[in-house]
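Read the structure below first, then the notes.
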């Protein structure tokens, strides 16, 4: 179960509120690279963890709980960037508005546009659980497969795309408060990338975990095709050479090679449509 | 651009058509662990690839193109498992039907239920791009971040959850044709897991790629908190020890340690609602 | 604006309530082939209709309004099929339940399963605006393009897939009341297919409407490639001959022919990633 | 069944067409606070209504039918605000365009941006059933639970968020026609808020309806915890006092009190993964 | 920020694991009536709360934090109901399986079907954030409008549909452990319904809060139509009388009456399509 | 199975990169009128095709394969339009930025806004499979009904809305490279419209295919109502006359006529709620 402290994990300050930036921040809340995703991914991995030990469940709960605090920080940052954003439009027409903006140094409509309206219309100047395009976060992005190695790679993927996004948001602002907040959140992403890779290492690294799942006997897979790069160039030109085209495979259990892809199957012929299946009579034959 | 051969990459045979299994196969077509996802993930990573070399673009195109053929194999397998599935219901009531099924050895309604109706109602006994619950695949699951290392981990995650699913589907059937098809597809997943990890190794492994993105100067991140495991147990009890709680970090650029999480920020106080923002008067104050 | 009559457009009777059939009926309410879709497609086409005449707007309103009554009929049919469906489970375990069902002629859990739970859990034994898999209807399926010919073909598509579904649902029941309801709704689909094609004919048929939009000067399109079937077989084998491979095009403005697809462009080379774009340093070059 | 009149329920006039405002109006059509939602929520509540009387079914049909006319008014308002919006771009580059706009008093691209493209690209200058971010309305927002009191509160929620949105849209325009339309629609929301609360009062108010559902015997709920505010502050600091922390509960069936949340359960220990479940061998133990 | 205790808020025990019931429980996790929804609805209302006092923010945080623990309890209950569920299918065909089930008292395929596959295929026998149809929860259901009275009604709606669902799930099981868990969760829903209504009372009840938002001057709404029930029966027959057709309105600011709906507007005439707008030439006129 | 050539089907050149136009192009990639949709619609129609001949399967594969190359061209065009788009913001505040833009001829923030952020934040300046509002493509738009005539009309609908979109995108740019690309893609849409109508003609045209499905015996549909236009005007005023109100129906199997819609059914009366169904006691009666 869970507890809260009404203070934030790390300070959130905004010197110059910027409604356009508020909108950009939404990507880090409700984007697929964002904090709702990692919080719930770690929670569901913890709550469903099956293993001889509760160690991984426990570890995941620590980090999932931390991430709730990150959503909170970002939601606070969005609201602060919307302070003083306009709720009213004085001007009658768009063309006038933009001229007025340049002449008079203010342009409420332009700022409303910058917000893309939703913060004005739906939330009363606060964050909502959607990305910067307003697409609501959907929970199909919570990856929890029941296989701990697969889940760790899902987590590395989430924290890697997450830190990429965070650095882009750092670069997209000059506000000192926002940059300080990001310097903290980017640091946490650094740690979390390492953390999930450390689990892989603890499980034995490539040799100990691959191929995932390692509990499926490899003799049941088709061993003619499990370490080949299939080339699909229509003219048969070879693919670029790389670590994946020759040498020992990463798991030490095979040798990489290149194979030109060729059909091994036949053209499939399905039965004709049956009389009462809603097809055209021409399909029933 | 692209070409086709009307034959399949690998033979698809079904000895005993099973409409329930057809439904399960949908997960491998339109589930988040499925083949549409990897095909388009690799295509979009290829088409947007920015690097001094086209090598990675090229490699991704080979594998993306192969994956289209996997969707085709699975769609064929679904249609074949639906051969002879019922399109009509002779019985008037559900209770009768189930009794009849046991008595007479046939139960059209039960099989219709097994299919969960959609293959009957929407496709005329063919596959559709949705998972085994009928939830359509949505393209937000195509991860292509513009950072090649992040993308490779997204790909490892996709192929790992994909192979986990494939082995579950192997175990869920006794049909020799289906098991042969899976032995091939599972082998391909083995290769693809290795392939994306091989790119990481070629890029320099942990030290060469972490933290992702490695182009953001680490001195801009808060270096007090970038290699710490934050513990959130309310009673301050320590987290379980692991590779991630002490020793050198995976990238060799820091030392893991444990920190008890404490609020560093304050309770956030947002401004009151403004008069014309659609709030209650009690909020305006 | 709109009015209602609390009576139904056509009688809805159910002799033998069947919760499994209730679930199947959902496809005709909230499926992409269903009645919510056509009602709102015609409404939005009407409300946005731009033409020198209000004739089409008016016609569309008549039919859209009729369709609301069809949703109502189907929602009523779902509720009636759920009369007497179980709300409680007396048995402790699934294995017992199914044995009991066969022995005693009743099987509440089996019927609960047949309903797939949602009618029990979410609606209190009534219809909801989702398909037979429980996927909610989403309004991106309302096609209204601003081009009347395109819209008419969208409508033919909707009524064709709709009538296909309706005949499948007719075949899936033996209940006389349900079959009578479907005999009416199938008849209406027959009319509506004709109706939208009649608009095409009134607009001048193929010659008068194609290519859609016919207001774009055809000399602006690349006239080397506007009536060719492009063949993509990797081995250059010719495509099957058909009405579309030779002879006059449907609009009488060109001649069909076959062309083997070949790349006319080059391999695209995008610029390398820029330093502050969140890429790996290896991509920046 | 349903009828239409091709005239609008209330006049819709636009003095100064404004494509940015057209986009904002979309929120009132296809947003979760919008008119499609209330129309269909009331329809599905009516069509599935189970009660000894058809009174509530009947009442709901009156209001649902009215709401279709509101969608129509708003769709008309969107189209009128798009009159004369640009369909073409004369300028080559964005920087030039904005300068040109200020200099010459026109800025087609800026206006295109204001529309966020969709009204231009997808609808031919007309409304579509999506919110102001272009997210299509999805019918999971149609709340119809089979419990009339729960449904009435869902309706109050819908009309409250709806009127909040409507007043924000009123404030966001100075167009007299648009403000007149909103003065009508805001008035209707006022009525509808009252209407659903009036049903609650008719059902007996708090004492007659709470806790919802009131048909579940309260002795089956855990009576130690049904009127307590659970405090979750990690340091045990008390929550703020309010109407909900002491005194008689709203339904008169209990007394409010405050309880500090403490775990009453244990750490859950799930079984280890089974050998053929697709887990890593390390999880099988 | 947040803390956790690895123990559960309340004990979760399952005597007879039942994979069908596991699937039903998903509705309480990821359904629109479920716990993810309330947790995040309260969090976003708290994080965006604007008022002269932080009292409501604080209260909301207590309850949101409690709800995370409820998701955890339900996720645990799902996993426990999946203990011993089959991961393998021994039988070749469906018809055989059901006969075997009755004869031998076991029916793995039937149970697999009961689970509808997803718990087997995607999670390794654990919960996932979707409803009982497998539709992922999407965050557009997090209602936080910036108006505290509207939000409180959204919360009453959520807790009312939530308790309705909870009592249905209580009735759908005989497992003593599950019923004990539900007796607790149902009690908490009782409290939370009261809690949000208590806020409304503290704000002044109907008179103090209606119409929502109460900060919009009522003289700006069309006062001819703000307390009328609009009747839409095509034949002009009167609507049923009720609390909402006569007498003082709930807010004491108007009198209810009935008005027969009549068009006050005209048939809308949009301009014809413009030449370069992608319409048919027939629309351009 | 499939092959690729790393060159493009047709050249893609951009003279003046324009990030706003990049965003608009997304509609042709991931919009419902776009290329992902047609590619996969044709693939799923091919893979599930049931007929006495493989001719249609084969033809569909040719065109589906071509369409993958169109997605590739558009993804390339998006990336090229994002070359040199800003990744950084130098200015502190929005008001300053717009003034600076006009004064100095550059306006990074404005351009960032034009992109609506996602290309910057999520993709590193590349395309993604979503429409111009950032709504991800969802595969429920892949129409493949198992009825070849219905599918052909779905394809005509897709290519018609697709070509309408393409001409709007042609009009929205002055870039010679972009216009040349569109002249090619518009030509292909011309062909594909004809191609699917040619299949209808080959199947026998209206008489040979209507009503769809033509395999359902028309004597089973209610023959009183299968060629009538139902008029729903509340005052009984007649609908506008057109090809669909009199004369022979399109299929030659009936005569069009007009019927004033009247209720033929009764007010539906559902049973009251049952005691344990989660209703209010007032509904149980």
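Chains as they are written, first to last, in the working numbering: chain A, 25 to 309; chain B, 25 to 309; chain C, 25 to 309; chain D, 25 to 309; chain E, 25 to 309; chain F, 25 to 309.
C-beta atoms are modelled at their ideal positions from N, C-alpha and C, and glycine is treated no differently.
Sub-9 Å separation of residue 230/B and residue 275/B beta-carbons: Contact flag set, yes.
Between the CA atoms of residue 167/F and residue 56/F - distance to the nearest angstrom: So the two alpha carbons sit approximately 11 Å from each other.
Option nearest residue 190/C by Cα separation, candidates 164/A, 303/A, 43/A and 54/A: If we check each option's Cα against that of residue 190/C, 303/A comes out closest.
For residue 108/F and residue 50/B, the rounded distance between their alpha carbons: Taking the straight line joining both Cα atoms gives about 42 Å.
Backbone CA spacing between residue 72/A and residue 101/E [nearest angstrom]: About 10 Å.
Residue 63/A versus 77/E, 26/E, 86/E and 34/E, residue with shortest Cα-Cα distance: Answer by Cα proximity: 26/E.
Beta-carbon proximity check, residue 152/B vs residue 309/B, cutoff 9 Å: Taking 9 Å as the Cβ cut-off, residue 152/B and residue 309/B do not qualify as a contacting pair.
Beta-carbon separation (whole angstroms), residue 157/E vs residue 142/C, contact threshold 8 Å: Confirmed, Cβ separation roughly 6 Å.
Span of the alpha helix (DSSP H), counted from its first residue to its last, around residue 218/C: For residue 218/C, the enclosing alpha helix (DSSP H) begins and ends at 200-226.
The stretch 288-298 of chain D touching the stretch 71-85 of chain A, judged by at least three CB pairs closer than 8 Å: Because the criterion of three Cβ pairs below 8 Å is met, the stretch 288-298 of chain D and the stretch 71-85 of chain A touch.
The beta strand (DSSP E) enclosing residue 281/A, as first and last residue numbers: For residue 281/A, the uninterrupted beta strand (DSSP E) segment begins and ends at 279-284.
Near the ligand COA: residue 198/A beta-carbon under 8 Å from a heavy atom: The ligand COA is not among the ligands present in this structure, which contains no ligands whatsoever.
Minimum Cβ-Cβ distance from residue 268/E to chain F less than 9 Å: Look at residue 268/E: its C-beta is not under 9 Å from any C-beta on chain F.
Inter-residue Cα distance where the pair is residue 36/B and residue 207/B: Roughly 11 Å between the two C-alpha positions.
Of the listed residues 218/E, 306/E, 87/E and 150/E, nearest to residue 239/C (C-alpha basis): Minimum Cα distance to residue 239/C is reached at 306/E.
Three-pair Cβ contact test at 8 Å for the stretch 87-104 of chain D versus the stretch 246-257 of chain E: Taking one beta carbon from each stretch, the stretch 87-104 of chain D and the stretch 246-257 of chain E have 3 or more pairs nearer than 8 Å; the two touch.
8 Å Cβ shell around residue 203/B - same chain, five flanking residues per side excluded: Once the five neighbours on either side are set aside, the close Cβ partners of residue 203/B are 194 and 197.
Alpha-carbon spacing of residue 265/D relative to residue 58/B, whole angstroms: If you take the alpha carbons of residue 265/D and residue 58/B, they lie about 52 Å apart.
Bounding residues of the beta strand (DSSP E) (the contiguous stretch that carries residue 252/D): According to the DSSP assignment, residue 252/D belongs to the beta strand (DSSP E) that extends over 252-255.
Residue 66/A, DSSP secondary structure in three states: The answer is helix: DSSP assigns residue 66/A an H, G or I state.
Cβ-based burial, residue 271/C [other Cβ within 10 Å; buried from 16]: Exposed: under 16 other Cβ atoms inside 10 Å.
Rounded C-alpha distance that separates residue 180/E from residue 233/C: Cα to Cα, residue 180/E sits roughly 54 Å from residue 233/C.
For residue 162/A: DSSP bridge partner residues: Note: residue 162/A is bridge-paired with 162/E in the DSSP secondary-structure output.
Reference residue 209/C; option with closest CA among 184/C, 42/C, 149/C and 223/C: With distances taken between CA atoms, residue 209/C lies nearest to 184/C out of 184/C, 42/C, 149/C and 223/C.
Boundaries of the beta strand (DSSP E) in which residue 27/C is found, first to last residue: Here the beta strand (DSSP E) through residue 27/C covers 26-28.
Short-range partners of chain F found in the stretch 171-201 of chain E, where Cβ spacing is below 8 Å: Closer than 8 Å at the C-beta level to chain F, one finds these residues of the stretch 171-201 of chain E: 188, 189, 191, 192 and 195.
Alpha helix (DSSP H) segment containing residue 73/C, residue limits: No alpha helix (DSSP H) contains residue 73/C, which DSSP labels as neither H nor E.
Proximal residues, the stretch 285-303 of chain E versus chain F, C-beta separation under 9 Å: From the stretch 285-303 of chain E, only 300, 301, 302 and 303 have a Cβ closer than 9 Å to chain F.
Chain-ordered residues of the stretch 53-87 of chain A with a beta carbon less than 9 Å from chain F: Of all residues in the stretch 53-87 of chain A, 55, 56 and 57 have a Cβ within less than 9 Å of some Cβ in chain F.
Reduced DSSP category for residue 39/C - H, G, I as helix; E, B as strand; rest coil: Residue state, collapsed to three classes: coil.
For residue 187/D and residue 43/B, the rounded distance between their alpha carbons: In this model, residue 43/B and residue 187/D are separated by some 49 Å (Cα to Cα).
Beta-ladder partner(s) of residue 271/F, from DSSP: When DSSP reads this structure, residue 271/F sits in a beta bridge with 280/F.
Under 9 Å between C-beta atoms of residue 103/A and residue 150/A: Pairing residue 103/A with residue 150/A gives a Cβ-Cβ distance under 9 Å.
Interface flag, residue 335/A vs chain D, CB-CB below 9 Å: No information on residue 335/A is available, as it lies outside the stretch 25 to 309 that chain A covers here.
Alpha helix (DSSP H) segment containing residue 306/F, residue limits: Where residue 306/F is concerned, the enclosing alpha helix (DSSP H) stretches over 305-308.
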